[in-house]
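Visitor:
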Amino acid sequence: MDERYRKKHHNYKRRRKKKPVLPLILLGLDLALVCAAGKCMYHFFHTPKETVQKEQVTVLSNAEQKKQSVAKDEEQMNRLRKKALEIYERNQEYLVLVNKEQALPADYSVTLQELNNGKGRVDVRIYNALTRMLADGFQAGYSYSLVSAYRDSDYQTKLIQNDISRYMSQGCTMDEALEKTYEQVMPAGYSEHETGLALDITAAGYTNLDATQAEQEENRWMRGECWKYGFIVRYPEDKEAVTKILYEPWHFRYVGEEAAEFLTEENLTLEEFYDLIEEYKEE
């Protein structure tokens, strides 16, 4: 009996000496997670001042850069406005603005000169520049047709009536015909052709007055070179919202060499040129 007791007691002690391993592992993991979380929270609430200051400097730096950029843009615009006014004051006789909202001044007068081909007349002051441009184009291998030059108000009225009749014969109502007509033809008294400073010039072998004119090599050359002679494309592509006229790659307007260079470099229409002047006067 004593022997059985000793064996039983010995086995009991052995069972008591074995440690529960799994609970200890889980306890260790819990402690590790608590420590890690505590460390993260500490760093979250104890961000070094240097880091905060750097972030503040970055934010301030970005804001300052934007402010400087806006100031720089405004400074550039002021220079453009001032330059536009200076150019206008030196060349205002060539810079009369005529469009759907701006009629030709009632006292406007022009001295005309007949073109050599007998197909029209222009303001005598632009005759030499026009002939030089056409001659240089010919030297470059291109020939041109002068489709239209100066037109008086009576002739302009006839053009409008003809266009209205043509559109109505195609099934348009009177209102629709008027709308289509005024997309490209100005009312009498509002046409650039009445200034003597504007011309419709096409390739000699392709006289269509539509956007396909821009595909002709002759037209490409003239659009790229005309500013050197004081001319601009008066109704450029992607500016219809400004000019209220569809793209007319054949319509060239004389504004003087200085203004033509400025408008071409800055990609401005005559309307936008006048806007710059008005903005400068309002400052």
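Residue 140 in my numbering sits at position 101 of the sequence shown, and the numbers go up by one each step. Even for Gly, the Cβ is constructed at its ideal location relative to N, Cα and C.
Rounded to the nearest angstrom, how far is the Cβ of Arg292 from that of Ala237, given a contact under 8 Å?
Guide: Correct: roughly 5 Å between the Cβ atoms.
Visitor: Which runs of the beta strand (DSSP E) fall wholly inside the segment 165-195 and span at least 3 residues, in chain order?
Guide: Correct list: 183-187.
Visitor: Got a sec? Which residues, its chain only, sit under 6 Å from Arg120 by beta carbon, not counting five neighbours each side?
Guide: Result list for Arg120: Leu315, Glu318, Tyr319, in chain order.
Visitor: Going by DSSP in three states, Leu134 sits in which element: helix, strand or coil?
Guide: Leu134: coil per DSSP, three-state reduction.
Visitor: In angstroms, rounded to a whole number, what distance separates the CA positions of Tyr181 and Glu310?
Guide: Computed Cα separation, rounded: 31 Å.
Visitor: Using 7 Å as the threshold, is the C-beta distance between Glu287 and Tyr274 below it?
Guide: In contact: Glu287 and Tyr274 (Cβ atoms closer than 7 Å).
Visitor: State the beta-bridge partners of Tyr245 as determined by DSSP.
Guide: DSSP, once it has assigned bridges, lists Ala242 as partnering Tyr245.
Visitor: Counting only runs of 4+ residues fully inside the segment 196-260, write out the alpha helix (DSSP H) ranges in chain order.
Guide: You should have 213-220.
Visitor: Please classify Thr220: is it buried, with 16 or more other beta-carbons within 10 angstroms of its beta-carbon, or exposed?
Guide: Its Cβ being crowded by 16 or more others within 10 Å, Thr220 is buried.
Visitor: Spell out the partners DSSP gives Asp162 in its beta bridges.
Guide: Partner(s): Leu151.
Visitor: What residue range is occupied by the uninterrupted alpha helix (DSSP H) comprising Glu279?
Guide: Glu279 -> alpha helix (DSSP H) spans 279-282.
Visitor: Taking 8 Å as the threshold, find out whether the segment 191-202 comes into contact with the segment 150-167 through three or more Cβ pairs.
Guide: No, the segment 191-202 is not in contact with the segment 150-167.
Visitor: What did DSSP end up calling Glu322 once you bin it into helix, strand or coil?
Guide: Three-state result, Glu322: coil.
Visitor: Beta-carbon within less than 7 Å of Lys283's beta-carbon, same chain only, minus the 5 sequence neighbours each way: which residues are those?
Guide: Excluding positions up to five away in sequence, the list reads Asn138, Lys139.
Visitor: Closer than 8 Å by C-beta to Glu222: which residues in its own chain qualify, once you throw out the five before and the five after it? Chain order, please.
Guide: Cβ neighbours of Glu222 beyond the five flanking positions: Ile284, Leu285.
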